[in-house]
Amino acid sequence: MKTLQVIAQGINVGQPLNGVGKLADPGQNAGSVFNSVLSLIIGIVTVVISIAFLFIVISSAIKLITSGEDKAAVESARKKVLIGFFGLILLISGVFIIGFIGEILGLDVLNPTRILENIWQP
């Protein structure tokens with residue numbers, strides 16, 4: 001790796017500045033960094049929604065247990081559980097739906113690096 005020098009005085013000032021984490025790796029290009037950031041965002045959103053699903057199911061179960069003979073409370077808790085399950089199913093099937101639409105359109109939607117490389121190709 002080259003070191004920087006102050007040209008006017010010939011003083012060696014050390015190593016050049018690098019990025020942090022994966023950005024510091026000179027083998028990374030913009031497409032692969034974009035792909036890893038997008039993958040990280042999708043992973044975080046999936047975890048957050050899964051935690052929200054668990055919270056909805058647990059709170060609905062507690063409401064269902066404590067509702068006793070109140071028909072409205074039982075129905076409300078049941079609807080919340082169903083909405084939570086449908087949300088989780090939609091989240092999981094969303095990846096497959098997006099991949100299927102990408103196949104129909106002829107795009108590799110789940111691999112944005114390849115799309116960017118095709119666009120920026122000389």
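In UniProt numbering, the protein residues as written are 1 to 122.
Each residue gets a CB set at the ideal place from its N, CA and C atoms; glycine is no exception.
To the nearest whole angstrom, what separates the beta carbons of residue i and residue j, a pair I think is in contact under 8 Å?
i	j	result
Val81	Ser50	That belief does not hold up - the Cβ atoms of Val81 and Ser50 are roughly 15 Å apart, past 8 Å.
Glu112	Leu38	Rather than Glu, the amino acid found at residue 112 in this sequence is Pro. That belief holds up - the Cβ atoms of Pro112 and Leu38 are roughly 6 Å apart, short of 8 Å.
Compute the Euclidean distance between the alpha carbons of residue i and residue j, then round it to the nearest angstrom.
i	j	result
Ser67	Leu54	20 Å
Ile115	Gly102	11 Å
Ser36	Ile89	25 Å
Ala73	Phe85	19 Å
Ile83	Gly99	24 Å
Leu107	Ile56	36 Å
Ile58	Gly87	15 Å
Leu110	Ile44	16 Å
Phe96	Asp70	40 Å
Ile119	Ala52	38 Å
Of the residues the options, which one's Cα is nearest the Cα of residue i?
i	options	result
Leu91	Leu38, Val48, Ser36, Ile101	Val48
Ser93	Leu40, Thr46, Ile41	Thr46
Among residues of its own chain, excluding the 5 on either side of residue i, which ones have a beta-carbon nearer than 7 Å to its beta-carbon?
i	result
Ala77	Ser60, Lys63, Leu64, Ser67
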